[in-house]
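If you count the sequence shown from 1, you need to add 8 to reach my numbering.
Okay, structure first, notes after.
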Amino acid sequence: IDADRIARDINLNGKSISFIQYDVLDSEKSIFIEKASKYKFTHLYYFVTPHIFSGENGFFSERVFESFIKFYVIEFFKIVDCLVDFGLKKILYPSTTAIDEVPLNMGEYMTAKSAGELVCKFLEKKYPSLEISKPRISRMATDQTVNIFPVNNVHPSNVVLDLVRKIN
């Protein structure tokens, strides 16, 4: 997987990194906590998302919104609340410029991401030693944004690398 390749590259270049997988849809959290207890966590890079383009133009779906809230608020809060006990200090929680742009087919997405930003502020207040970066990034070229029609997508490598460097 990509995480294995990235960790291998970092470790081969004189740095040390470990990671564990976390599935926000897996209801069995005790296995994650057991794995997490074996490590000291310093950073969390939260690039978790369901299918983004699932909304209808001008319509707000409770079902779609609940899915986004699960990913961007509830599960994010749970993992941070857990990892703080294992030394977590810095988090990268990428948000979206859709919050500012208000596209009519993304009401559920941008509302849930807004709530996620507020949860970040809540967590920083709850844990004063925690530092959360929540930059609003533009649409990037990903598996979700590939389109046969011309769309302005920023290449993710430079954006993500810049964001990671900023919180380190």
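Each residue gets a CB set at the ideal place from its N, CA and C atoms; glycine is no exception.
{"query": "Beta-carbon proximity list for V81, same chain, < 6 Å, skipping 5 on both sides", "result": "A123, G124, V127"}
{"query": "C-alpha distance - T104 paired with D170, whole-angstrom precision", "result": "16 Å"}
{"query": "Residues near F79 in its chain [Cβ-Cβ closer than 7 Å; skip 5 each side]", "result": "V32, V56, T57, P58"}
{"query": "Short CB-CB distance (under 8 Å) between Y80 and chain D", "result": "This model lacks chain D altogether; it includes just one protein chain."}
{"query": "Cβ neighbours of N19 in the same chain (closer than 7 Å, five flanking residues each side left out)", "result": "I25"}
{"query": "Y179: first and last residue of the uninterrupted beta strand (DSSP E) it sits in", "result": "Outside the shown range of the chain, which is 9 to 176, sits residue 179, and nothing can be said about it."}
{"query": "CB of Y53 within 8 Å of CB of V92, strictly", "result": "no"}
{"query": "DSSP bridge partner residues for L100 (one or two, in chain order)", "result": "Y53, S141"}
{"query": "Under 8 Å between C-beta atoms of Y30 and F40", "result": "yes"}
{"query": "Endpoints, the alpha helix (DSSP H) within which Y80 is located", "result": "Here Y80 belongs to no alpha helix (DSSP H), and DSSP marks it neither H nor E."}
{"query": "Whole-number beta carbon distance between I175 and L100, since they are thought to touch under 8 Å", "result": "5 Å"}
{"query": "CA-to-CA distance, R173 to E139, given in whole angstroms", "result": "14 Å"}
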